[in-house]
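Protein chains in written order, with this note's numbering: chain A, 1 to 286; chain B, 287 to 574.
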């Protein structure tokens with residue numbers, strides 16, 4: 001099911017009266033204020049010095065709109081270089097491996113005929129019903145036993161090993177690729193691996209693109225995995241958490257750190273929002 | 287080599303790593319969790335001492351442990367409100383107003399913002415003396431509010447954070463569901479002269495029943511597993527007033543080395559969630 005990303009929302013309700021329409025716009029405006037108000041307040045405060053914040057408070061505009069002192073301080077004192085770098089490493093390593101592994105499993109389940117296929121399919125399906133937070137204590141023991149505690153590998157292996165939904169998303173796509181394509185390639189002498197690289201992977205392109213974006217957002221925004229399994233190795237999210245430890249009362253500085261961590265995904269969203277929204281809905285509707 | 291044998295080798299090669307990961311990070315933790323829940327393991331000792339069902343008895347008899355479920359209820363209620371609000375927004379955006387896509391994009395945005403940043407942003411909004419909300423209330427001649435206090439309402443203040451973050455997500459899911467209703471169904475209703483509320487009740491809701499159930503299940507699931515906001519903002523305090531089932535269980539394990547009891551709490555929550563899934567599946571079957 002590939003939805004056209006440019007497709008606007010079809011209207012199913014025709015609202016003809018002006019009052020009804022005004023009501024809808026009113027609700028939307030309230031919603032938009034609800035979304036932006038806290039973000040803009042934090043942005044506003046982040047551009048003020050401590051003294052200025054004490055004197056002028058929350059609402060007035062900053063004296064100097066280009067006062068980035070708090071940002072520089074937050075960036076340096078919060079050691080965000082390391083945080084962003086570690087998050088980057090996690091993304092760059094886990095995302096491609098997840099895609100290769102999940103697409104290979106989906107390819108195997110879709111195109112190979114073997115005795116245990118049904119069983120393997122079920123084996124991958126059952127864990128999607130296990131809520132992740134409930135088994136944390138036991139997963140922690142596994143990570144420790146493997147000697148991965150407090151290493152980047154802990155995050156990498158968990159991002160790869162627990163993303164089972166990805167297999168089903170790819171499986172949906174591969175099942176829609178006609179088997180006749182495989183067969184004609186086989187007649188041309190292509191082997192199983194060649195069919196995977198030359199036929200299956202190109203067909204998966206849109207799904208892979210969505211996966212890259214969503215997985216990137218997911219890893220960037222994840223707090224629990226790095227905090228739990230690699231507390232000494234800071235990511236963007238856990239850097240912000242430790243920064244808050246002693247700076248929580250210094251609101252302008254803290255606000256700058258909040259904005260610093262919030263900005264990257266907002267920028268990505270501004271450019272890719274259509275793909276993100278359709279990726280999220282496709283994943284959930286299935 | 288025969289192609290059948292070759293295929294077998296491919297299957298093994300393609301599946302060996304994923305299946306190993308599956309066993310290591312899904313099945314083994316699950317069995318380990320169940321095993322630990324019957325022991326008094328402290329996280330250090332080499333051998334496990336089995337204590338039968340004592341951990342479970344403790345949890346059900348110790349009021350403060352089970353009370354955490356009461357705190358989770360605030361999140362459940364908020365999750366229900368979120369469903370209604372998300373569906374409401376989706377229905378509004380499914381009408382013939384202008385700038386629908388822009389409205390949808392803005393309302394969805396909180397979903398993609400880093401959760402730690404969002405939590406601390408609200409921590410600021412809720413701060414008693416610095417709160418911008420209290421500032422506005424004071425300007426309007428009202429008294430400041432203690433958003434974070436030892437009253438039960440603090441749980442609602444915390445659960446509102448996830449409402450803010452996820453209501454746009456709920457809306458987007460419902461928009462997709464509404465879009466799948468064929469247009470001629472609405473056309474027929476329009477010709478029959480059905481009003482807005484009639485259309486919603488007799489056409490929209492019955493047609494998205496499956497999605498309603500799935501979305502409800504997902505958000506209940508999230509509300510029962512919540513841990514993030516209390517952990518970041520109140521640490522479950524004061525006096526456990528904002529501790530949730532998961533945050534309490536993690537605290538028992540990592541702060542008090544009571545792994546057995548913590549594992550039993552995990553098992554209990556797991557059973558509750560699986561029951562919810564089973565109920566939902568029964569409903570889905572009944573529909574078909």
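In this text, a Cβ means the ideal position worked out from N, Cα and C, and glycines have one as well.
Legend: CB atoms of the region 289-316 of chain B lying less than 8 Å from CB atoms of chain A belong to residues 292, 293, 294, 296, 297, 300, 301, 303, 304, 305, 307, 308, 310, 311, 312, 313, 314, 315, 316. The shortest C-alpha to C-alpha distance from residue 451(B) to any of 262(A), 64(A), 49(A) is the one to 262(A).
The region 289-305 of chain B makes no contact with the region 441-450 of chain B, as fewer than three CB pairs between them are under 8 Å. Residue state for residue 173(A) is assigned as helix, using DSSP reduced to three classes. Cβ neighbours of residue 110(A) within its own chain (closer than 7 Å, five residues either side excluded): 171, 174, 175. Between the region 418-434 of chain B and the region 333-348 of chain B, the count of Cβ pairs shorter than 8 Å is below three; the stretches do not touch. For residue 94(A), the enclosing alpha helix (DSSP H) begins and ends at 80-111. Only those residues of the region 544-569 of chain B whose C-beta falls short of 8 Å from the nearest C-beta of chain A are listed: 545, 548, 549, 552, 553, 555, 556, 559, 560, 563. By the Cβ rule, the region 498-518 of chain B counts as touching the region 526-535 of chain B, because three or more pairs are nearer than 8 Å. For a Cβ distance threshold of 8 Å, residue set 277, 280, 281 of chain A lies close to residue 458(B), ordered along the chain. DSSP places residue 438(B) outside both helix and strand once states are collapsed to three, so it counts as coil.
Beta-carbon to beta-carbon, residue 489(B) and residue 500(B) are separated by about 19 Å, too far to satisfy the 8 Å threshold.
Following the DSSP letters along the chain, one finds residue 180(A) inside the alpha helix (DSSP H) bounded by residues 179-187. Contact between residue 13(A) and residue 417(B) fails: their C-beta atoms lie close to 39 Å from each other, not under 8 Å. Contact holds between the region 305-320 of chain B and the region 134-154 of chain A, because three or more Cβ pairs, one in each stretch, are under 8 Å apart. At a beta-carbon threshold of 7 Å, none of the residues of chain B lie near residue 231(A); the nearest stands roughly 11 Å away.
For secondary structure counted as the alpha helix (DSSP H) over 4 or more consecutive residues, the region 409-474 of chain B holds these complete runs in sequence order: 418-425, 439-465. Within the same chain, and ignoring the five residues on either side of residue 320(B) in sequence, the residues whose Cβ sits closer than 7 Å to its Cβ are 553.
Counting along the chain, the unbroken alpha helix (DSSP H) around residue 44(A) starts and ends at 18-46. Counting the other Cβ atoms within 10 Å of the Cβ of residue 207(A) gives 16 or more, which makes it buried. In this structure, the CA atom of residue 217(A) is about 31 Å from the CA atom of residue 541(B).
Short of 7 Å from the beta carbon of residue 244(A), and not among the five residues preceding or following it, lie these beta carbons of its own chain, in chain order: 254. When DSSP reads this structure, residue 325(B) sits in a beta bridge with 336(B). Here the C-alpha atom of residue 231(A) lies approximately 12 Å from the C-alpha atom of residue 83(A). For the pair residue 78(A) and residue 242(A), the Cα-to-Cα distance works out to about 8 Å. The beta carbon of residue 139(A) sits closer than 7 Å to none of the beta carbons in its chain outside the five residues before and after it.
A Cβ-Cβ distance of about 5 Å is found for the pair residue 368(B) and residue 453(B), placing them in contact under the 8 Å criterion. In the structure shown, residue 501(B) adopts helical secondary structure according to DSSP, grouped into three states. Residue 223(A) has no beta-bridge partner at all, per DSSP. Take residue 497(B), set aside five residues on each side of it, and the residues of its chain with a beta-carbon closer than 6 Å to its own are 463, in chain order. A Cβ-Cβ distance of about 23 Å is found for the pair residue 223(A) and residue 210(A), leaving them out of contact under the 8 Å criterion. When 506(B), 457(B), 410(B) are compared, the shortest CA-CA separation from residue 277(A) is found for 457(B).
By the Cβ rule, the region 564-571 of chain B does not count as touching the region 151-164 of chain A, because fewer than three pairs are nearer than 8 Å. In the same chain as residue 389(B), and ignoring 5 residues on each side of it, the C-beta atoms closer than 7 Å to its own belong to 379, in chain order. For residue 273(A), the C-beta contacts it makes with chain B under 7 Å involve 391, in order along the chain.
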